[in-house]
Amino acid sequence: MSPTEFTDPDASPPTDSIESPAAPTRRTFIATTTAVGGAVVTGGLIAGSTLVDAEEAAADEAAPTSRVSLTVNGSRRTVTVDNRTSLLDLLREHFGLTGSKKGCNAGACGACTVLVDGRRVNSCLTLAARLEGAEVTTIEGLANGDELHPLQQAFIEQDAFQCGYCTPGQIVSGVGCIQEGHTGSPEEIREWMSGNICRCGCYVKIVRAVEQTAGRK
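Per the numbering used here, numbering of the sequence shown is gapless, rising by one per residue and ending at 221.
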């Protein structure tokens, strides 16, 4: 006969096989720690966001301002601006002159080029607070009513643009280049217009338009 195992019916079951109801289960522990951790993180984010917003608001309230009077496209303007405001932001956000484009906002592409007292500047790098008494010309100020500036007309005739985003800066820079007398050759025009980037690659036609306006063609 095969051996037979007998168990004692009065014996207590092994204690290691019974889970104490007072002890947390693995599932309960994970759920609890997740909920607590989420609450802590969320509370921290909310508190941090509120603190940052309060700090920014306090900084804006404390930011020094200046009252500036300047002439823009023949019209006298007087405005109080934060001393950190660039000429580009003053033109676009305060005066509604959006022809000057914000490209790189670092002075590297020339899309924001305007004339200040007849000289080409990157308006994104020029502080508005320093332009007291200055005369500013933007792309909107080149035409005489419905009559286009000769360089604007030349850009159309030479098909010197594609997407058009850089065109306002290119035209204003070209006007400055002509006024400065840097139109002795195509090479000279390219050199003095090199600060204006055209991502569509219309450089040859841009040079032709400047040449045409300068009276070389």
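Beta carbons: idealized from backbone N, C-alpha and C, even for Gly.
For residue i, which residues from the same chain have a beta carbon less than 8 Å from its beta carbon, with the 5 sequence-adjacent residues on both sides left out?
i, result
"G78", "G145"
"A138", "L74, T75, V120 and D121"
"R194", "Y207 and V211"
Please state if the CB of residue j and the CB of residue i are separated by a distance shorter than 8 Å.
i, j, result
"K105", "Y207", "no"
"V176", "T84", "no"
"C204", "C181", "no"
"A164", "K209", "yes"
"S73", "E136", "yes"
"T69", "D93", "no"
"V179", "L155", "yes"
"E215", "P190", "yes"
"G111", "L129", "yes"
What does residue i pair with, by DSSP beta-bridge criteria?
i, result
"N148", "E151"
"R80", "T75"
"V125", "V118"
"S70", "V85"
"S90", "L131"
Skipping 5 residues on each side, what residues in its chain have a beta carbon closer than 7 Å to that of residue i?
i, result
"I201", "C113, G114 and C170"
"P172", "G103, S104, K105 and I143"
"A132", "V72, V85, T89, S90, L91 and L94"
"F99", "V76 and R81"
"E9", "Reliability of the predicted coordinates at E9 is poor, the pLDDT of 48 falling under 50, and no value is obtained from them."
Starting from residue i, trace the beta strand (DSSP E) in both directions and tell me its first and last residue.
i, result
"E139", "E139 to T141"
"T117", "T117 to V120"
What does the Cβ neighbour count give for residue i, buried or exposed, with the cut at 16 atoms within 10 Å?
i, result
"A82", "Before going on, a small fix: residue 82 reads as Thr here, not Ala. Result: exposed."
"R134", "exposed"
"S127", "buried"
"D121", "exposed"
"G107", "buried"
"A67", "exposed"
"I22", "Because the pLDDT of I22 is 45, which lies under 50, any placement of that residue in the model is unreliable, and the number read from its coordinates should be weighed accordingly. Burial call: exposed."
"A218", "buried"
"R123", "exposed"
"A158", "buried"
Residue i lies in the alpha helix (DSSP H); which residues open and close that run?
i, result
"T217", "Y207 to T217"
"E97", "Looking at the DSSP string, E97 is not in any alpha helix (DSSP H), and its letter there is neither H nor E."
"I175", "T171 to E184"
"E136", "Run containing E136: none; DSSP gives neither H nor E here."
"R203", "Note, R203: premise wrong, no alpha helix (DSSP H); not H, not E."
Going along the chain, which residues of its own chain have a beta-carbon closer than 6 Å to the beta-carbon of residue i, five neighbours each way excluded?
i, result
"P7", "Because the pLDDT of P7 is 48, which lies under 50, any placement of that residue in the model is unreliable, and the question is left without a value."
"E192", "H186"
"R212", "Q162"
"W196", "C181 and H186"
"E222", "Outside the displayed range of the chain (5 to 221) lies residue 222, so it cannot be described from this structure."
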